[in-house]
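Everything on this sheet refers to the single structure shown next.
Protein chains: 2
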Amino acid sequence: MDQHTTEPDISDLWARFMRVSQAVLGAVEVDLKAAGFPPLAWYDAFLELRRVDPEGLRQFELQKHMLLAQYNMSRLVDRLVAVGFVRREPCPEDGRGQVICLTEKGRALIDAMWPAYRAAITAHFGGRLGADETAALGGMLEKLRPPA
Amino acid sequence: MDQHTTEPDISDLWARFMRVSQAVLGAVEVDLKAAGFPPLAWYDAFLELRRVDPEGLRQFELQKHMLLAQYNMSRLVDRLVAVGFVRREPCPEDGRGQVICLTEKGRALIDAMWPAYRAAITAHFGGRLGADETAALGGMLEKLRPPA
DNA sequence: GATGGATAGATGCGAGTGCATGTTATTTCA
DNA sequence: TGAAATAACATGCACTCGCATCTATCCATC
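Set out below in structure tokens:
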């Protein structure tokens with residue numbers, strides 16, 4: 023347990039952390055796609071839109087929450103609008119901005135996706151962890167959360 | 023603490039797990055890029071090449087280790103060859119296949135990248151976790167590891 | 001109330017990724 | 001042995017992403 027042993031452990035742990043989280047995320051995405059649903063990021067956006075305000079959200083607010091680059095958010099909204107899951111509306115308080123609103127179709131998709139999403143999360147993530155582990159993971163994530 | 027509270031906890035934990043791991047990975051990539059180095063995936067490939075066999079690895083072996091799709095591996099090798107970090111050599115035992123070998127330039131890059139990489143991992147990952155937490159995380163990752 | 005700087009969002013372009021399929025070589029097995 | 005199935009790798013195409021840049025609006029200050 024001297025200092026020399028900690029360094030290789032961390033780099034190995036890092037590699038495994040990245041590999042596993044990528045694999046788990048990928049597995050959930052695969053399940054969703056197999057069930058005929060759009061990618062996770064869409065669901066995330068819908069959920070946040072519904073959660074925060076039925077009146078809609080500014081694009082930059084959504085973007086901040088999703089940790090997405092500005093141009094990616096812009097294009098994601100493009101796609102969501104193109105298939106009719108959200109609407110862009112002019113923003114009364116800021117002429118530069120816009121308000122993103124869930125459509126009925128979008129709301130319906132959230133409910134339709136949830137069972138498949140939940141099953142996938144359970145299969146690849148929650149169902150593999152015990153109660154003590156989920157608690158520990160929660161604390162860890164808190165510490166890893168970005169400095170900003 | 024009844025059963026109803028566990029379900030939202032898991033889905034919330036999942037969301038945070040994904041968000042945090044994406045953010046941490048992104049932060050490390052940003053640091054590497056800022057230091058003028060190629061992306062993490064390159065380093066991974068180099069490291070695995072050096073670790074397993076100085077004679078080189080088959081493309082599909084590397085691909086399996088890196089959890090990469092076959093076509094992505096093929097193209098990654100394209101890029102690595104294009105900048106001279108690896109070589110493709112014909113495989114004596116299998117005419118379809120090839121052996122991927124690190125070049126001297128590639129070997130040198132591993133050593134050049136390590137300090138920056140190590141610093142980034144420490145800053146965004148290892149340095150934020152205590153010894154007990156790294157141990158707990160290790161166990162968790164074991165359970166989350168894909169079934170295959 | 002004009003002007004310089006900051007902020008919200010869009011977009012052209014090059015590079016990366018997923019998907020389907022193609023090519024060549026190996027294995028299986030009748 | 002010879003045809004069918006499979007494995008290793010490549011590639012055309014559409015879509016997504018990162019980067020830089022552009023436009024339009026807002027705000028602060030003079």
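Protein chains in written order, with my numbering: chain A, 23 to 170; chain B, 23 to 170.
We put the beta carbon where it would ideally sit given N, CA and C, even for glycine.
Bounds of the alpha helix (DSSP H) holding A:Pro137 are 126-146.
It is roughly 12 angstroms from the alpha-carbon of B:Gly152 to the alpha-carbon of B:Gly160. For A:Met40, the chain B residues whose C-beta falls within less than 7 angstroms of its own C-beta are Leu47, listed in chain order. Counting other Cβ atoms within 10 Å of its Cβ, A:Asp66 reaches 16 or more and is therefore classed as buried. Out of B:Ala138, B:Ala91, B:Ala157, the CA that lies nearest to the CA of B:Pro61 is found in B:Ala138. At a beta-carbon threshold of 9 angstroms, the residues of chain A lying near B:Gln44 are Ser43, Leu47, Leu89, ordered along the chain. When secondary structure is reduced to three states using DSSP, B:Glu77 falls in the coil class, being assigned neither helix nor strand. Judged by DSSP in its simplified three-state form, A:Arg110 adopts strand. For B:Val121, DSSP records a beta bridge to B:Arg80, B:Glu111. The beta carbon of B:Val121 lies closer than 8 angstroms to those of Glu77, Gly78, Leu79, Arg80, Arg110, Glu111, Pro112, Cys113 in the same chain, with the five residues before and after it left out.
By the Cβ test, the region 126-146 of chain A is in contact with the region 37-54 of chain A, since at least three Cβ pairs between them sit closer than 8 angstroms. For A:Leu71, none of the residues of chain B pass the 7 angstroms Cβ criterion, the least Cβ distance being about 15 angstroms.
Chain-ordered, the chain A residues with CB closer than 8 angstroms to the CB of B:Met162 read Leu151, Glu155, Ala158, Leu159. When DSSP states are grouped into helix, strand and coil, B:Gly160 belongs to the helix group. Secondary structure note for A:Ala104: its alpha helix (DSSP H) is the uninterrupted segment 92-104.
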